[in-house]
Every structure is written in structure tokens, then in C-alpha cells.
Amino acid sequence: MKIKLQTLNDIETNQYIPIKSNSSFPEDYYADLLGNMDETSLRFISKKMQINMLYFYMRFHYFIEENVTEYCQDQNLSIHWLGEGDSYKFAKIDVDSIQKFKKCFFLINIITERMGDITLFSVGDNLEIPSGEALITDGRFFITENSERECVTVLISEDVYGTFRLMSNDPMYTPKSLQEKLDELIFFV
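First residue of the sequence shown: 685, per my numbering; consecutive thereafter.
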């Protein structure tokens, strides 16, 4: 497995991002996972990047709630319901193993952007949903009320399997740091 990273330009960076945050994301990349996601590479990445847990956030139309819950039950993925509003359900899955990480990709495939749905992974458990009246105006966003010093790193899934937008304000995700930590697994174009 290799990871190809391409720095986003200003227009791509300012495209729709399903997060509202008090801080900016200076590290913005398209990330393509090339080849099979083998467990050895994924373990190496999680160890080197000090990722013990990922959080898979979902916003999906209530029409597919049964599909999502049935799949999660079949795959032993515990759903944490965050709320609902404006015909959408908000949920999170704690991803504490490589097997759970791989199982989330089926959810990415059935939760489609065409319905205004959102799927993303976060390195921190620091995303929330809008509440009250804000759900009507900001319901297309997960929010973080972080301070400028709190790190936010997300992988926003794209339409193509294994392709994400990596967005972070953590210095651990600068090109130099990624190159040093992940060595031959990562390359920039």
C-alpha cells in the first residue's frame, strides 16, 4: 500500500468542507490510498502517527437509516447517535481496530453525497452537531468549537474508493513530518 498526497490549491481548499471550525486547516491534501489496504501498513501508519483511535462521523438521510443500522449490527459496529434534524441522522462509530476501519468503507459507499450525506474520519473525538435553531442553518456541518491550539485532523471521504481530503491544523501533518514518519509509504505529487 502507498499513499499519494497532492496539496490542494486555494480553490480546492475553499470548496465545501463539512466542518465549521474556529481555526484554519493549513495542511490540506488529496490523499489516495493506492493498492490493497494491508494490515501491516495500516498498523505502521497508526503507530508512527500515534493514532490509537479514529472516529467515523456520518450524516445521512433517514431513508437509509435501516441500511446503516442493519450493516452496523451485522458487522458489530456500535453506533453512537449524536442527533437528528431536517430529515437527517447524525452518528459516530469509534474505530479502535483496523478491521473496523475497513468495515467503514462499505458505509462510505452507501452514504452518498447526492443525498447531502457526509462521511468523514477524525483523529480526535472533538466534532459535534449543531443544536436547536442552528441545526436548520448549519445542519450540513459537523462543528468544532476548538481553540486555535487544539488539533483537528479529518479525512473527508470523496466519491472514489480510497480517496480522501486530508485536512489538519496539526504540525504532525506537514509534508516534512509525514515524509519523516511514513518514509516509503507516502509520496507527494
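Just so it is clear, CB atoms sit at the ideal spot from N, CA and C, and this is done for glycine as well. Here the structure is a predicted model, which is why all the values come from computation and not from measurement.
By the Cβ neighbour-count rule, Lys686 is exposed, with fewer than 16 other Cβ atoms within 10 Å of its own. The residues Arg743, Leu766, Gly767, Ile813, in chain order, have a CB closer than 6 Å to that of Phe774 in the same chain once the five nearest residues on each side in sequence are set aside. Under the three-state reduction of DSSP output, Val873 falls in the coil class, being neither helix nor strand. Ile729 and Asp778 have their C-alpha atoms roughly 18 Å apart.
Between the beta-carbon of Phe848 and that of Leu862 there is about 14 Å, and that puts the pair past the 8 Å contact cut.
Assignment of beta-bridge partners to Gln690 by DSSP yields Tyr714. A Cβ-Cβ contact shorter than 8 Å links Ile703 with Phe826. Taking the C-beta atoms as reference points, Tyr746 is found nearer than 8 Å to Tyr772. Within its own chain, the residues whose Cβ lies closer than 7 Å to the Cβ of Phe709, once the five positions on either side in sequence are excluded, are Met851, Ser852, Asn853, listed in chain order. Counting other Cβ atoms within 10 Å of its Cβ, Val752 reaches 16 or more and is therefore classed as buried. Bounds of the beta strand (DSSP E) holding Glu768 are 763 to 769. Between Ser841 and Ile792, the C-beta gap is smaller than 8 Å, which places the two residues in contact. Per the coordinates, the alpha-carbon of Phe785 lies some 30 Å from the alpha-carbon of Asp694. Boundaries of the alpha helix (DSSP H) around Arg727: 723 to 732.
DSSP, reduced to helix, strand and coil, places Met742 within a strand of the structure shown.
Burial is judged here by how many other beta carbons sit within 10 angstroms of a residue's own beta carbon; Glu711 has at least 16 and is buried. Rounded to the nearest angstrom, the gap between the Cα atoms of Tyr741 and Val836 is 14 Å.
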